[in-house]
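There are 2 protein chains.
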Amino acid sequence: MAKRADVAKLAGVAESTVSYALTGARPIAEETKARIFKAMADLDYRPNAMAQALRSGNSKMIAMLFGDQERGISDGDLEYVLAAANEARSFGYHLILWPVRRRAIEDVVIQADSGLLAGAILMEVSLDDDRVKLLKKHGIPFSLIGRTKDKADTIFADRDFEAATKLAIRHLVHLGHKDLAFLSTSTANVVEKIGATVRAEKAAIAAAKELGASLSIIHSENSIQDGLEAAKEFLKKHTKCTGVVSLNAEGLIGFARGLQRNGWNIAADVSIICISTTNAGALAFDPPLTTVTPPANEIGAAAARELIRALEGQDDNEPQKLFVGELVVRESTGPARTGKLKR
Amino acid sequence: MAKRADVAKLAGVAESTVSYALTGARPIAEETKARIFKAMADLDYRPNAMAQALRSGNSKMIAMLFGDQERGISDGDLEYVLAAANEARSFGYHLILWPVRRRAIEDVVIQADSGLLAGAILMEVSLDDDRVKLLKKHGIPFSLIGRTKDKADTIFADRDFEAATKLAIRHLVHLGHKDLAFLSTSTANVVEKIGATVRAEKAAIAAAKELGASLSIIHSENSIQDGLEAAKEFLKKHTKCTGVVSLNAEGLIGFARGLQRNGWNIAADVSIICISTTNAGALAFDPPLTTVTPPANEIGAAAARELIRALEGQDDNEPQKLFVGELVVRESTGPARTGKLKR
DNA sequence: GTGAAAGCGCTAACAA
DNA sequence: TTGTTAGCGCTTTCAC
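In the order they appear, the protein sequences are chains E and C.
First residue of the first sequence? That's -3 in my numbering, and the numbers climb one at a time after it.
First residue of the second sequence? That's -3 in my numbering, and the numbers climb one at a time after it.
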């Protein structure tokens, strides 16, 4: 593989001149530049990435910290990761996918200290996240998908749960629904509270109040089995609710199934809208699910982009961005029932 | 950040001695070694990864080439990727997630030439894959998830479609099914034939023959909509079939829905088994789907492991591995119906 | 059992 | 506008 020195020799210039021609950090005579580029092409020259990284101190690698072990992986996750990888590539950066248990973050710190990592992106951020503290303490640049409670000096891309939830609730209210339920994971006994859960619930309560609807909270783990249980609870205590907003995607599969098994008709008897499933997941439902779809692409891309901008010392950044997502009306929502259940 | 020279000075030895203490490539007096490690600990020393890579010519980075744009991403994909990333980490390697259109592979070659990449893992391999040829031509080490037609000198981890399909068909035959259908994507007009499609269909035909069942092939794109169409075709032409084996995961959602809408009872009227969905996907079905689940974890890990072994010149490798997957009997299969349909 | 020194390929301060 | 040179931090050959 040809190197800088070979190019310089062939072009009849100094090695540094080749460097400057490449970076443009110094004016080079057009004619010289042409000779240099010709030489590079002739030799099929590729700058050595490791040498550049060593010399410049920037590896152009960012790690995407993926906490699998804890709560399993969900359909949507890949979209965030790919979006971040794509965005990183477009800036000449590379995304290292790093599966890491919450407690094994030290490993990442070590690799950052070793110069391998320029920065990191964290997913599944909890409101009071030890990992964030550790990265801050070690001065490792990072961005979040999600956000902590204290968000000063933090780069993040997260969902605007206030707006997303309001979009969902307003859709139902416009359809004439007055009594709503909100299906979500409980945060009561969890030490590491995920921001999404806490914020979405708070936002749902506020939006319902503002839009003049009643709201019952149904807490249930995000699994099909637990969703079935939640349906039982709903059938016992919340039958006057005609509209359900769900933050649980997996759980909603069980929840809807539970209602259907009891003879309920989705849309006709009860409207259901999910604010956290992918479009593919929504279409797998029968009937297809109305959603406020998380803009995973935009969020993943923003997390990568803003981290890279910070790494490069850009000043035109918007380090804290919120994304709402789009209301996609499919067939699981309809006008509030007025008479009896259709069962 | 402390470097080798600092450690050497503190331990009162030469820089090279520190290196040898670390690699063990040369005998070092126990007492010296102890002093060195003490110094490293005191200074919280981390070897510089970039310097090591530059000097040794091994970046310890492997790229996972993820061809998104073409056929969309599916639920199971993340599992392969994470497994590979995990396995790579356990060898001290890093997995770069590289979203790349089929035609943009040159980009990867460039980065390999630049010393950034030690090797690559390819997914969604077609029987006659240009990318494989290109990587071979450029001498870039790689492994495949899937395999090409000509598999000489190629490292791969793939599914054993013969065995997996036979497992599925045998399960049905044991339940008394004699007339089966196989649901899969057509390969007729596709230039880049994905190995899975071709091999699974061939294997299904062979297994049915061997086990004494008839087999109708139903070709349908792998989408819910096309699955619904396939169900119509099934209801028109294949009503004597009592068992269906599907290679399409997404498409099967539509297919099953189409049958159910027509009053068919899954399991009672027709048994359905899928050989390509995740366990999570199987549970989202109603009734839960019997599957021969692809061992994505094992396959992803093997692809990474064998590539790394080859990179390190190990000789105890098994570069070509096939994985069957496990038959998980859930509720979508049952004894073949004898009398009328239950509709 | 240990040390000295050359150099991997590139960048940037200094010099002209 | 261009050239010279000193390293970035590590490995490894050669020498003792």
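We put the beta carbon where it would ideally sit given N, CA and C, even for glycine.
Please list, in chain order, the chain C residues whose beta carbon lies closer than 7 Å to that of residue i.
i       : result
E/H90   : I92
E/R42   : I106, D109, S110
E/M(-3) : D109
At the 8 Å Cβ level, is residue i part of the contact set with chain E, yes or no?
i      : result
C/V104 : no
C/L279 : yes
Looking at chain C, is there any beta carbon in it that lies within less than 8 Å of the beta carbon of residue i?
i      : result
E/A297 : no
E/D175 : no
E/S55  : yes
E/A263 : no
E/D282 : yes
Residue i touches chain E at which residues, Cβ-Cβ below 9 Å?
i     : result
C/V77 : L74, V77, L93
What do you get for residue i, buried or exposed, if any count of 16 or more other CB atoms within 10 angstroms of its CB means buried?
i       : result
C/D73   : buried
C/P290  : buried
E/I101  : buried
C/Q221  : exposed
E/A245  : buried
C/H170  : exposed
C/I8    : The residue you asked about is not Ile; residue 8 of chain C is Gly in the sequence shown. When all chains shown are included, C/G8 counts as exposed.
E/A10   : exposed
C/M(-3) : exposed
E/G208  : exposed
E/D312  : exposed
E/D154  : buried
Name, please, each residue of chain E whose Cβ falls closer than 8 Å to the Cβ of residue i.
i     : result
C/I69 : L74, E75, L78
Counting along the chain, where does the alpha helix (DSSP H) carrying residue i start and finish?
i       : result
C/I32   : 26 to 39
E/F251  : 246 to 257
C/E322  : Per DSSP, C/E322 belongs to no alpha helix (DSSP H); it is in the beta strand (DSSP E), 322 to 324.
C/L243  : Careful: C/L243 lies outside any alpha helix (DSSP H) and carries neither H nor E.
E/D2    : 0 to 7
C/L303  : 292 to 307
C/M(-3) : Element bounds for C/M(-3): n/a, residue is neither H nor E.
C/L211  : No alpha helix (DSSP H) contains C/L211, which is instead part of the beta strand (DSSP E) from 210 to 215.
C/F157  : 157 to 170
Applying a beta-carbon distance threshold of less than 9 Å, which residues of chain C neighbour residue i?
i      : result
E/M119 : The premise fails here: E/M119 is roughly 12 Å from chain C at the closest Cβ pair, so nothing lies under 9 Å.
Grab the span of the beta strand (DSSP E) containing residue i for me, first residue to last.
i      : result
C/G115 : 115 to 118
E/T286 : 286 to 289
E/K317 : 316 to 319
C/S86  : Taken as a continuous stretch (DSSP letters only), C/S86 belongs to no beta strand (DSSP E), being part of the alpha helix (DSSP H) at 73 to 86.
E/D175 : 175 to 180
C/H90  : 90 to 95
E/S267 : 267 to 270
E/I58  : 57 to 62
E/I69  : Looking at the DSSP string, E/I69 is not in any beta strand (DSSP E), and its letter there is neither H nor E.
E/S139 : 138 to 141
Mind checking whether the beta-carbon of residue i lies closer than 7 Å to any heavy atom of the ligand SAM?
i      : result
E/K198 : Questions concerning the ligand SAM fall outside what the structure shown contains, since it holds no ligand whatsoever.
- Against chain E: residues of the stretch 128 to 162 of chain C by CB proximity under 7 Å: For the stretch 128 to 162 of chain C, the beta-carbon criterion of a distance under 7 Å to any beta-carbon of chain E is satisfied by none of its residues.
- Identify each residue in the stretch 226 to 253 of chain E for which the Cβ-Cβ distance to at least one residue of chain C is less than 7 Å, and report them in chain order. Residues passing the 7 Å Cβ filter: I249, R253.
- Task: Compile a chain-ordered list of the residues in the stretch 202 to 227 of chain E whose CB is closer than 8 Å to at least one CB of chain C.
- Result: Those would be I220, in chain order.
- Selection of the stretch 24 to 50 of chain C by Cβ proximity to chain E, strictly under 7 Å: Of all residues in the stretch 24 to 50 of chain C, R42, P43, N44, A45, M46, A47, A49, L50 have a Cβ within less than 7 Å of some Cβ in chain E.
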